[in-house]
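Participant:
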Amino acid sequence: MAITLKNEDDIAQMRIAGRLGSEVLDYITPFVKPGITTGELDRLCHEYMTNVQGTIPAPLNYQPPGYPPFPKAVCTSVNDVICHGIPGDKALKNGDALNIDVTVIKNGYYGDTSRMFIVGEGSIMAKRLVQTTYECMWLGIEQVRPGAHLGDIGYAIQKHAEGLGYSVVREYCGHGIGQVFHDDPQVLHYGRPGTGIELQAGMIFTIEPMINAGRRDIRTMPDQWTVKTKDRSLSAQWEHTILVTPTGYEVLTVSAGTPARPQIAAAATA
């Protein structure tokens, strides 16, 4: 495993890319309403990236080995879709739980982030899952500092999710990022404290837990991208890109509209 430690120039560029990725989510937020299609949300995001920001949507035509090219600019995952949902003609309805996952490229650097949205008035169950997943992400982030281990992040996420009766998806994880979209290390959202590689200042990676209301088992759709819960239960995901600093961490994917850190994360470190 070859992990690249970022220098000050890299970090400055990653702050720019991260902010721009987050600003796409700020821009699209008021459009997330019942009746709009995920394809229209994708079109709006794509136009904003290219015409306003001068960024490149990293997912568009992205093709890992064994996969077809991803056909859209963002991922839109609704209800039982865990991740990599392809925007299309289906209209959002009141109560849907929607994840929009954005990755932009600016000056050769990748900014990767996602947020959850409740369309209209959501159910108590959906709101609770979305909030718990946000707390899980932040509990993972709060473990980040030099000398900590990747397993500390996964353990904090898994303990919180499973303690509230949810499950953690195992097949997908966070990842190193910089001038490469998906790089080492893999950041698992489950694990044991004190295991895995030791964190060092200059590492940059994503933390992006996928939490299911039911069982953790998945099923992949015939398009080879869309991943759903096997039991058709709701799923939620949040994502930030994180820099390991000499004294802790810095969240790089922040902008004016970024939701605040939940109180539970602060309490967990007290």
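In UniProt numbering, the protein residues as written are 1 to 270.
Cβ atoms here follow ideal geometry from the backbone N, Cα and C, with glycine treated the same way.
Just so it is clear, the structure is predicted and the values come from calculations on it, not from any experiment.
Under 8 Å, do residue 176 and residue 185 count as touching if we go by C-beta distance?
Facilitator: Translated into the one-based positions of the sequence shown, residue 176 becomes position 176. Translated into the one-based positions of the sequence shown, residue 185 becomes position 185. Going by C-beta atoms, residue 176 is nearer than 8 Å to residue 185.
Participant: From residue 37 to residue 207, what does the alpha carbon distance come to, in whole angstroms?
Facilitator: Sequence index remark: in the sequence shown, residue 37 carries index 37 (1-based). Sequence index remark: in the sequence shown, residue 207 carries index 207 (1-based). Roughly 28 Å separates the two Cα atoms.
Participant: Using only alpha-carbon positions, find the residue among 20, 4, 25 that is nearest to residue 259.
Facilitator: For the purposes of this step, residue 259 is taken as the residue at position 259 of the sequence shown. Nearest C-alpha to residue 259: 25.
Participant: By a C-beta neighbour count over all protein chains shown, 10 Å radius and 16 as the cutoff for buried, is residue 125 buried or exposed?
Facilitator: On the sequence shown, residue 125 is found 125 positions in, with the first residue counted as 1. Classification for residue 125: exposed.
Participant: Can you tell me which residues form a DSSP beta bridge with residue 164?
Facilitator: Numbered from 1 along the sequence shown, position 164 holds the residue referred to as residue 164. Its beta-bridge partners do not exist; DSSP assigns none.
Participant: Name the DSSP bridge partner or partners of residue 236?
Facilitator: Along the sequence shown, read from residue 1 onward, the residue named residue 236 stands at position 236. Paired residues: 211.
Participant: Is the segment 245-252 touching the segment 222-235, taking contact as three or more C-beta pairs under 8 Å?
Facilitator: With the cut-off at 8 Å, the segment 245-252 and the segment 222-235 do not touch.
Participant: With 16 other CB atoms within 10 Å as the buried threshold, where does residue 32 fall?
Facilitator: Locating residue 32 in the sequence shown gives position 32, counting from the first residue. Buried is the call here.
Participant: I'd like the span of the beta strand (DSSP E) that includes residue 186, first residue to last.
Facilitator: Position 186 of the sequence shown, counted from the first residue, corresponds to residue 186. 183-187 is the span of the beta strand (DSSP E), which, as asked, contains residue 186.
Participant: What is the DSSP secondary structure of residue 70, reduced to helix, strand or coil?
Facilitator: Counting from 1 along the sequence shown, the entry for residue 70 is found at position 70. Correct three-state label for residue 70: coil.
Participant: Tell me whether the beta-carbon of residue 116 lies closer than 8 Å to the beta-carbon of residue 209.
Facilitator: Here residue 116 is taken as the residue at index 116 of the sequence shown, counted from 1. Here residue 209 is taken as the residue at index 209 of the sequence shown, counted from 1. In this structure, residue 209 does not lie closer than 8 Å to residue 116 by Cβ.
Participant: List the endpoints of the continuous beta strand (DSSP E) containing residue 97.
Facilitator: Walking along the sequence shown from the start, residue 97 turns up at place 97. It spans 97-106 - the beta strand (DSSP E) in which residue 97 sits, taken as one unbroken run.
Participant: Using the three-state DSSP reduction, which class does residue 228 fall into: helix, strand or coil?
Facilitator: As a position in the sequence shown, residue 228 is number 228, starting the count at 1. Residue 228 falls in the strand class under three-state DSSP.
Participant: Should residue 2 go down as buried or exposed, given a rule of 16 or more other Cβ atoms within 10 Å for buried?
Facilitator: As a position in the sequence shown, residue 2 is number 2, starting the count at 1. Exposed, since its Cβ has fewer than 16 Cβ neighbours within 10 Å.
Participant: So who's on the other strand from residue 251, going by DSSP bridges?
Facilitator: Here residue 251 is taken as the residue at index 251 of the sequence shown, counted from 1. Note: residue 251 sits in a beta bridge opposite 242.
Participant: Could you tell me how far apart the beta carbons of residue 34 and residue 93 are, in whole angstroms, since I believe they sit closer than 8 Å?
Facilitator: As a position in the sequence shown, residue 34 is number 34, starting the count at 1. As a position in the sequence shown, residue 93 is number 93, starting the count at 1. Confirmed, about 6 Å.
Participant: Report yes if the CB atom of residue 76 is closer than 8 Å to the CB atom of residue 112, and no otherwise.
Facilitator: Residue mapping note: residue 76 aligns to position 76 of the sequence shown, counting from 1. Residue mapping note: residue 112 aligns to position 112 of the sequence shown, counting from 1. Result no, Cβ atoms of residue 76 and residue 112 do not sit closer than 8 Å.
Participant: Is the segment 196-206 touching the segment 150-161 in the sense that three or more CB pairs, one from each, lie closer than 8 Å?
Facilitator: Enough Cβ pairs lie closer than 8 Å, so yes.
Participant: Distance check for residue 241 and residue 110, CA to CA, integer angstroms please.
Facilitator: As a position in the sequence shown, residue 110 is number 110, starting the count at 1. As a position in the sequence shown, residue 241 is number 241, starting the count at 1. Their Cα atoms are separated by approximately 10 Å.
Participant: In its own chain, which residues sit with a C-beta less than 7 Å from the C-beta of residue 10, not counting the 5 before and 5 after it?
Facilitator: As a position in the sequence shown, residue 10 is number 10, starting the count at 1. Around residue 10: 178.
Participant: Going by beta carbon distance, what residues of the same chain come within less than 6 Å of residue 99, once the five residues before and after it are set aside?
Facilitator: Looking up residue 99 in the sequence shown gives position 99. Taken in chain order, the residues that qualify are 77, 114, 116, 237.
Participant: Report, in whole angstroms, the separation of the C-beta atoms of residue 102 and residue 18, which I expect to be a contact under 8 Å.
Facilitator: The residue labelled residue 102 in the question sits at position 102 within the sequence shown. The residue labelled residue 18 in the question sits at position 18 within the sequence shown. Incorrect: roughly 11 Å between the Cβ atoms, too far for contact.
Participant: Quick check on the burial criterion: 16 or more other C-beta atoms within 10 angstroms. Buried or exposed for residue 67?
Facilitator: Along the sequence shown, one-based indexing puts residue 67 at 67. Counting Cβ neighbours within 10 Å, residue 67 comes out exposed, since fewer than 16 surround it.
Participant: Using beta-carbon positions only, say whether residue 91 and residue 118 come within less than 8 Å of one another.
Facilitator: Taking the sequence shown and counting its residues from 1, the one referred to as residue 91 is at position 91. Taking the sequence shown and counting its residues from 1, the one referred to as residue 118 is at position 118. For residue 91 and residue 118, no; Cβs fall outside 8 Å.
Participant: How is residue 57 classed by DSSP in three states: helix, strand or coil?
Facilitator: Within the sequence shown, residue 57 is the residue found at index 57, counting from 1. Here residue 57 sits in strand by DSSP.
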